[in-house]
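Note that the sequence shown ends on residue 906 in the working numbering; no numbers are left out.
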Amino acid sequence: MNPVAPDLYTVDGTSETATHNVWRIREDLWEYLTYTAEKMGGGHSAETRRRLSEDILQVLDRLELVEGHWATPGLAAIEELRLLINDGDPVALGEAIERLKGRRRRQARAESSRVSPSAREDVSDGRPRFEVLLVDDCTPEDGAGFVHQMLAQRRPQDPFVYEINIVPSYEDAVAALLLNTDIQACIIRPGFKTRSRRPLEQDIKDFVAANGPNDLDPARPIQRILALAEKAAELRPSLDLYLVAGVSIEKLGGSLTSRFSRIFLRADSLELHLSILKGVGERYETPFFTAIQNHSRRPGGVFHALPVSRGGSVSNSKWIKDMEEFYGLNLLLAETSATSGGLDSLLDPHGSIRDAQRLAARAFGARQTFFVTNGTSTANKIVHQAILAPGDVVLVDRNCHKSHHYAMVLAGAKVAYLEAYPMDEFSLYGGVPTSSIKKMLLDYRASGRLDEVKMIALTNCTFDGIVYDVERVMEECLAIKPDLVFLWDEAWFAFAGFHPIYRRRTAMAASQALEQRFQAPAAREKYAAQAAELFDPVTGEPHNDDLWLNTRLVPDPDRARIRVYATQSTHKTLTSLRQGSMIHVHDQDFAHLTEEAFREAYMTHTSTSPNYQILASLDIGRRQAELEGCELVQKQADLAASVATAIEQHPLLRKYFRILSTLDLIPEEFRTSTSPMPLVDGLARMAQAWKDDEFVVDPSRLTMYIGATGVDGDTFRHEYLMDGHGIQVNKTSRNSVLFMTNIGTSRSSVAYLIEVLVKLAESFESEASTRSPRSRTAHNRMVTKLTKGAPPLPDFSSFASRFRTDKALPDGCIRTAYFETYKPDSCEYLTDSGVRKRLAVGEEVISAAFVTPYPPGFPVLVPGQLLDTNVLDFMAALDTKEIHGYDKHHGYRVLRLQPKALTGQL
């Protein structure tokens, strides 16, 4: 099939597609150029070749609107191809296009016959290449001179090679930083303008209008430079920023040092060149991965544990040599129990692991980062145990991961469960509304027990892609309890810190933003004004809780302490071996309140024999995230959007499948945006929603509603997708399937998914046309069950009275209930009907176990919880085959009515 040239922009430069997919359309345009040039090389008539030449010129016009954001191939390449078209040499044209397509990876300009020999270099090596952005409204001659000076500093021993792209204005710089993810450093010179002189994509125009300055006063150079530097750091915080000025750099240094890696005179091209390489080199470093490689190359002998080390028990074996053949010798050479010789101890790091964790903290915006090799389940338990003591109250999202619930058993804390908003139609939960969190904190304050509340644990983002406004949640909570500790379970959100829009809703970015805001004088003024409305001026007591609930609260910046922990499954969404996780810490009181307890908790849950390959993968995964995370996350989100668009636009797919949108997954009361999928409408629309709405949907999560197929989610997942076509998905509900793109998702895999869905839709269509009346009735009954027969998702009932502190507040001690089951004859089993009979006569039935159906994957019952008919109805309607804690033969494990129970808390 002949390719069709993709549309990029209209003639006046406005976008026909959103900025998020420019990378994909740009790629396609270069492919189309290749195809057209190949056709021109055939034996076609003069008229055909004329039409093909016109096609190429039209594509070049489209590329010209965006190629200025890149140095390679860049605008010079567009001009080169135009000249070749005019020369009428199709062979030279085809060769040039092939060469230019690869200029991201190799130095095409140096190979070009139109470039002087002095500017050429040997580009056959595999050194990593990147781009440097220069922002300055310089003349073409001045710009060429600067580039020449910088490229003249290159040496064969340089570890990297870079190209320089020059843009003249603030707006052009923002566009380049958003679109060109090859940029690794930015040089600012004072002569840049505010407005762009060339057509900008409409999406970029909207983004700049919402995020850019109004007019930057040319008479105030420091203010202009600071505005651009701060915006660059906000969009791409991992970039190195450099200021190059002509005069008075000593004065500028005192004002701008904190914003720039370094400040240079224009003549300091060598130092600037070396600084650029050094800055990228620091992100490229992988201390532990490098130490592992070095260890594997050293000769030595093993007179310690681990027979597999250096392949000792494998390489000479008669029976298991296939292990080496499959995994490779390097894996065996790298296996060791040594903690010296360049290696390090995870439990007491002083060398390469310490350095790797410090680099990870920098990359993720944390004060401290700790590697975990048992997954985020262990990371959660470490944080809970480090923060909580028996008797402390913790507020927990009830449909969080089960590791949090088990951590409560270990810590002995009292749990007050928070309820997320339900989506009964789809058998899904959303997030916990901020108003619900505030109300619970205010209830504890009214009861005089607020001092017992130590921590709140929430999942961001949820399994189904619901993302909190983290900054708002923490700000309003700290207004009620200034020392509250936050644990954000970001198991599925590790990638988010490397995208300019996602980042603002991560725990670490929100912590940094709050810390900066609290240090500003305006924060005290804002708090003072609000306090005058919220507190009685005579008694100092707070006014009624309704006023607090209906006010967007701001904390006292002099009392609020930012104490934030984020647990991330690096292996789930970034590059890492399975079970590789991290704990990121931004705790202002860590050193004097938590450090010792954290160390003990870490020792409790961390193996003394950690897997070094997992640790090394965390180290190198961090390198990748810093250097190409922005690019990969942009592609991840765009590819998901392309799947949603394909389903929406295909009549047959649309008949059986529907991607649930923001309008489906987030009730109107929690958002101001009205776009079903903000990213599809452009990065500007997405940025606005992520700035304003209480909840947003991660665009890389696609919940596909399948109720119209008459197939339940679990069956669709296993029989139709995995068994039938080898497509793996992680989660289903009774009438939906969750697809997730990640940084490893390719365009080919997306195309395959759409192809499979089309085949499945065609099979459903074929089956519908051949059903007998009886089978049609059965099918319709199943469709009705999936689309209209969903039972309401159960709220948490309550803890039994003997596990609660008081009747007024909801917290209960899971630990006491859990260990009560250890007593002989304390438990019995009841079937569904047996439970209902006891409830009917007014008896309490208390769960003795965690009962967790998959899906949805969270406990619907915990030890000490009262069973009620809502839970029973929900369990009875489940189609899932996997229910942990429930015995299909005997039913529910419950505490006896008159247990021989423990009287105190264990």
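No residue lacks a Cβ here, since even glycine has one placed at the ideal position from N, Cα and C.
The residue from A522, I466, R367 and L418 with its alpha-carbon nearest to that of A509 is R367. Within the DSSP secondary-structure output, Q568 pairs in a beta bridge with M582.
P422 is bridged by DSSP to Y429. Scanning S352, C827, T462 and H401 for the CA closest to the CA of T376 turns up H401.
Ranked by Cα distance from G365, the options H499, S275 and K439 are led by H499. P199 and L63 do not touch by the CB rule: their CB atoms are close to 13 angstroms apart, not below 8 angstroms. T575 is a Cβ neighbour of Q624, given a cutoff of 7 angstroms. Taking the Cα positions, T805 is about 13 angstroms away from G448. Of the other Cβ atoms in all chains shown, 16 or more fall within 10 Å of the Cβ of S238; this residue is therefore buried. In this structure, DSSP gives F695 an extended state, which the three-state scheme calls strand.
Taking each of L418, P287 and A334 in turn and checking the Cα distance to A356, the smallest one comes out for P287.
By DSSP's assignment, I263 forms a beta bridge with L243. Residue pairing by DSSP places V453 opposite V393 in a beta bridge.
Cβ contact annotation for F850 (same chain, cutoff 8 angstroms, sequence separation greater than five): K402, H405, Y406, P859, L861, V862, P863, H884 and G885, in chain order.
Nearest Cα to E98 within the set D87, L81 and N86: L81.
Cα atoms of S317 and V302: separation of roughly 17 angstroms, rounded to the nearest angstrom.
Put simply, the backbone Cα of D638 is about 10 angstroms away from that of R747.
In the three-state reduction of the DSSP assignment, T852 falls in the strand class, which pools E and B. Short of 6 angstroms from the beta carbon of T339, and not among the five residues preceding or following it, lie these beta carbons of its own chain, in chain order: S345. Here the alpha carbon of L663 sits roughly 5 angstroms from the alpha carbon of P676. Going by DSSP, L895 is part of the beta strand (DSSP E) stretching over G891 to L895.
In this structure A37 is in contact with L93, their Cβ atoms being roughly 5 angstroms apart against a cut-off of 8 angstroms. Between the beta-carbon of G812 and that of V415 there is about 6 angstroms, and that keeps the pair under the 8 angstroms contact cut. Within the DSSP secondary-structure output, E828 pairs in a beta bridge with V894. Nearest to G834 by alpha-carbon distance, out of I846, S53 and R362, is I846. Y886 is bridged by DSSP to Y892.
Under the 10 Å beta carbon count, W548 is surrounded by 16 or more other beta carbons and is classified as buried.
Cβ neighbours of G281 within its own chain (closer than 7 angstroms, five residues either side excluded): P159.
Here the region 638-652 makes contact with the region 734-749; the two share three or more CB pairs at distances below 8 angstroms. Judged by DSSP in its simplified three-state form, K414 adopts strand. The bridge partners DSSP lists for S763 come to none. About 5 angstroms separates the beta carbon of V756 from that of H725, a gap short enough to meet the 8 angstroms contact definition. Within the DSSP secondary-structure output, Y162 pairs in a beta bridge with F130. At least 7 angstroms separates the beta-carbon of G789 from that of Y829. Rounded to the nearest whole angstrom, the C-alpha separation of A176 and G41 is 35 angstroms. Rounded to the nearest angstrom, the gap between the Cα atoms of Q157 and D125 is 11 angstroms.
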